[in-house]
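J.: Before I ask anything, here is the structure I am working with.
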Amino acid sequence: MRYQVNKKGYYGNFGGAFIPEMLVPNVEELRNHYLKIISSKGFQKELGSLLRNYAGRPTPLYFAKRLSERYKAKIFLKREDLLHTGAHKINNTLGQILVAKKLGKTRIIAETGAGQHGVATATVCALMGLECIVYMGEVDIERQAPNVARMKMLGAKVIPAKSGSRTLKDATNEAIRDWINNPVDTHYIIGSVVGPHPYPDMVARFQSVISKEIKKELKSKFKKENPDYVIACVGGGSNAAGAFYHFLDNKKVKLIAVEAAGKGIHSGHSAATMVLGKPGIIHGSKTLLMQTDDGQITEPYSISAGLDYPGVGPVHAHLFKTGRAKFVSATDEEALKAAYLLAKLEGIIPALESAHALAYLEKLKAKKNEIVVVNLSGRGDKDMATYINKME
Ligand SMILES: *Cc1c(COP(=O)(O)O)cnc(C)c1O
Numbered sequence: 036m037r038y039q040v041n042k043k044g045y046y047g048n049f050g051g052a053f054i055p056e057m058l059v060p061n062v063e064e065l066r067n068h069y070l071k072i073i074s075s076k077g078f079q080k081e082l083g084s085l086l087r088n089y090a091g092r093p094t095p096l097y098f099a100k101r102l103s104e105r106y107k108a109k110i111f112l113k114r115e116d117l118l119h120t121g122a123h124k125i126n127n128t129l130g131q132i133l134v135a136k137k138l139g140k141t142r143i144i145a146e147t148g149a150g151q152h153g154v155a156t157a158t159v160c161a162l163m164g165l166e167c168i169v170y171m172g173e174v175d176i177e178r179q180a181p182n183v184a185r186m187k188m189l190g191a192k193v194i195p196a197k198s199g200s201r202t203l204k205d206a207t208n209e210a211i212r213d214w215i216n217n218p219v220d221t222h223y224i225i226g227s228v229v230g231p232h233p234y235p236d237m238v239a240r241f242q243s244v245i246s247k248e249i250k251k252e253l254k255s256k257f258k259k260e261n262p263d264y265v266i267a268c269v270g271g272g273s274n275a276a277g278a279f280y281h282f283l284d285n286k287k288v289k290l291i292a293v294e295a296a297g298k299g300i301h302s303g304h305s306a307a308t309m310v311l312g313k314p315g316i317i318h319g320s321k322t323l324l325m326q327t328d329d330g331q332i333t334e335p336y337s338i339s340a341g342l343d344y345p346g347v348g349p350v351h352a353h354l355f356k357t358g359r360a361k362f363v364s365a366t367d368e369e370a371l372k373a374a375y376l377l378a379k380l381e382g383i384i385p386a387l388e389s390a391h392a393l394a395y396l397e398k399l400k401a402k403k404n405e406i407v408v409v410n411l412s413g414r415g416d417k418d419m420a421t422y423i424n425k426m427e
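Numbering follows the working numbering, in which position 384 of the sequence shown is assigned residue number 419; successive positions increment by one, without gaps.
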């Protein structure tokens with residue numbers, strides 16, 4: 036079985052590029068150049084240097100002793116939470132801004148929901164001196180004021196999306212409209228393994244540094260480069276895609292993707308796409324998504340803004356259908372519990388998204404000597420208001 040994208044941009048039955056005709060030149064330009072650009076020595080050197088000196092890579096693979104005692108397995112945390120801007124998203128925005136520069140682009144656009152990707156994009160634009168426009172739903176702008184302030188301080192222009200539910204989906208539509216109108220000078224930095232080919236593959240490659248480092252670290256520590264389990268949360272699926280990437284072809288490594296079950300999978304307030312989703316097209320690619328019987332996209336819900344996306348990247352739809360990864364879910368309640376537990380046992384406050392991955396440790400029945408890697412995708416500073424609110 037093949038888990039990487041094929042030449043046509045598909046993972047099994049999922050993926051492709053379902054885009055309006057007016058967007059074809061932009062996407063084609065990227066598709067024709069991205070592999071050559073990324074694989075060049077100069078690019079790798081420049082990106083490697085930025086990841087190391089600016090973003091803070093490699094991130095530690097931390098042995099969580101007290102968590103391991105509790106769950107009776109060898110639990111390691113991949114500390115993406117320690118990166119600049121607080122999450123894995125900077126791996127991708129650094130990669131894409133360099134691609135944009137090689138393509139001669141001078142203007143960057145992005146969409147953002149909670150604002151994490153918007154902040155990571157505004158950051159790399161400031162670093163490179165490029166113009167930055169971030170589309171964000173009007174409702175999200177109100178809910179996520181601190182991230183809006185960050186983006187503005189970094190020099191980005193934040194434009195409210197005022198149509199539909201005025202959230203992420205609508206911001207994405209606005210960004211696409213902008214790109215159609217500015218095909219020559221603009222690059223669109225998508226924030227997860229979603230969108231038309233080649234985005235899912237390009238973003239997965241930029242995030243694959245996560246599994247590359249996990250392998251290297253385990254090899255030097257244990258002379259065994261493969262863990263028994265890798266666990267990651269899935270919104271669009273970029274941190275999971277990166278944490279799984281170099282293990283996909285080794286079936287002995289069990290891959291576990293944790294979605295947000297919100298108030299319960301069948302409560303009507305959830306983002307558990309794999310259980311609830313059916314094949315459909317969203318933002319340019321064919322994948323599994325939550326929709327009504329006549330194909331209208333259902334509004335997703337999760338306590339963590341980074342996970343409430345109605346679809347998942349096509350690679351995950353494929354990993355689900357082939358059974359290569361196991362898809363499970365955690366409710367708001369379970370994620371909150373896991374976050375408090377990590378804070379008390381290890382002195383680390385995780386992002387609410389990452390807390391969903393941690394929550395699965397309650398259900399995982401690993402053996403005592405088995406190595407379990409949990410990808411800690413981000414830190415919890417941005418979620419303090421929610422944590423304080425829910426504290427007993
Ligand atoms: C955005 C975000 C996610 C969800 O995005 P993926 O593309 O699924 O990784 C997860 N964790 C954190 C900390 C985030 O900021």
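From the three backbone atoms N, C-alpha and C, an ideal C-beta is built for every residue, glycine too.
#1: Per DSSP, residue 146 is paired with what?
#2: Please indicate yes or no: does the CB of residue 151 lie closer than 6 Å to some heavy atom of ligand 3?
#3: Within its chain, find whatever has a CB closer than 8 Å to the CB of residue 158; leave out the 5 residues flanking it on each side and keep chain order.
#4: Any heavy atom of ligand 1 within a distance shorter than 6 Å of the CB on residue 246?
#5: Only counting the same chain, and skipping five residues up and downstream in sequence, which positions put a Cβ closer than 6 Å to that of residue 374?
#6: Output the boundary residues of the alpha helix (DSSP H) element that contains residue 98.
#7: Alpha carbon to alpha carbon, what distance is there between residue 164 and residue 135?
#8: When the distance is taken between beta carbons, is residue 370 closer than 7 Å to residue 343?
#9: In its own chain, which residues sit with a C-beta less than 6 Å from the C-beta of residue 394, not counting the 5 before and 5 after it?
#10: Just tell me which of 320, 318 and 314 has its CA closest to the CA of residue 329.
#11: Got a sec: does ligand 1 put a non-hydrogen atom nearer than 6 Å to the Cβ of residue 388?
#12: With 16 other CB atoms within 10 Å as the buried threshold, where does residue 55 fall?
#13: Which ranges would you report for the beta strand (DSSP E) in the stretch 147-224 if only whole runs of at least 3 residues count?
#14: Let's see if you can read the secondary structure: which residues bound the alpha helix (DSSP H) around residue 409?
#15: Evaluate residue 232 with the Cβ neighbour count: other Cβ atoms within 10 Å of its Cβ, from every protein chain shown; 16 or more gives buried, anything less gives exposed.
#16: Here's a check: name, in chain order, each residue in its chain whose Cβ is nearer than 7 Å to the Cβ of residue 44, leaving out the five neighbours to either side.
#17: What did DSSP end up calling residue 101 once you bin it into helix, strand or coil?
#18: Of the choices 48, 422 and 95, whose alpha-carbon is the least far from that of residue 256?
#19: Look up residue 292 in the DSSP assignment and say whether it is helix, strand or coil.
#20: Give the list of continuous alpha helix (DSSP H) stretches no shorter than 4 residues that lie fully inside the stretch 349-390.
T.: Taking the geometry as given:
#1: Under DSSP, residue 146 shares a beta bridge with 170.
#2: As presented, the structure is devoid of ligand 3, carrying ligand 1 as its sole ligands.
#3: If we look at residue 158 and ignore the five residues flanking it on each side, its Cβ neighbours are 119, 120, 125, 128 and 189.
#4: No, ligand 1 has no heavy atom inside 6 Å of this Cβ.
#5: Same-chain partners within the cutoff: 385 and 390.
#6: Secondary structure note for residue 98: it is in no alpha helix (DSSP H), and the uninterrupted beta strand (DSSP E) holding it is 96-98.
#7: Near 12 Å, if we compare the C-alpha coordinates of residue 164 and residue 135.
#8: Not in contact: residue 343 and residue 370 (Cβ atoms no closer than 7 Å).
#9: If we look at residue 394 and ignore the five residues flanking it on each side, its Cβ neighbours are 365, 369, 370 and 373.
#10: Comparing Cα positions, the closest option is 314.
#11: Yes, ligand 1 has a heavy atom inside 6 Å of this Cβ.
#12: Its Cβ having fewer than 16 others within 10 Å, residue 55 is exposed.
#13: Counting whole runs of 3 or more residues, the stretch 147-224 contains the beta strand (DSSP E) stretches 166-172, 192-196 and 221-224.
#14: First-last for residue 409: 406-411, but that is the beta strand (DSSP E), not the alpha helix (DSSP H).
#15: Result: buried.
#16: Within the same chain, residue 44 has close Cβ partners 50, 51, 52, 232 and 233.
#17: DSSP places residue 101 in helix when its eight states are reduced to three.
#18: Answer by Cα proximity: 95.
#19: Strand at residue 292.
#20: Listed in chain order, they are 349-357 and 367-381.
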